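Residues 1 to 50 in UniProt numbering are what the sequence shown lists, from first letter to last.
Have a look at the structure below before the remarks.
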Amino acid sequence: MASQLLPLELIDKCVGSKIWVVMKGDKEFSGTLLGFDDYVNMVLEDVTEL
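In structure tokens:
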């Protein structure tokens, strides 16, 4: 039986990884996830706007 991750657990597993963020208004960013809060505000480094 496969275990399921809650959304915040999935984001927590991505800390330290390169992620791709798609914002409302069609803005996209790629960078390394350093951390996030309960409201999913993210801190990224080496960010590139795509």
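Virtual Cβ for every residue (Gly too), placed ideally from N, Cα, C.
For clarity, every value in this text was computed on a predicted model and none was experimentally measured.
Given residue i as reference, the closest of the options once Cα atoms are compared
| i | options | result |
| --- | --- | --- |
| V47 | G31, D12 and G35 | G31 |
| S17 | G35, V40 and Y39 | G35 |
Straight-line Cα distance separating residue j from residue i
| i | j | result |
| --- | --- | --- |
| L8 | L33 | 13 angstroms |
| V21 | S3 | 25 angstroms |
| C14 | D37 | 13 angstroms |
| M42 | D26 | 18 angstroms |
| D12 | L6 | 10 angstroms |
Proximity test, residue i beta-carbon vs the ligand ATP heavy atom, cut-off 7 angstroms
| i | result |
| --- | --- |
| T32 | Among the ligands in the structure shown, none appear at all, so the ligand ATP cannot be discussed. |
8 angstroms contact criterion, which residue i and residue j should meet: CB distance rounded
| i | j | result |
| --- | --- | --- |
| L10 | F29 | Their Cβ separation, rounded to whole angstroms, is 18 angstroms, which puts L10 and F29 out of contact at 8 angstroms. |
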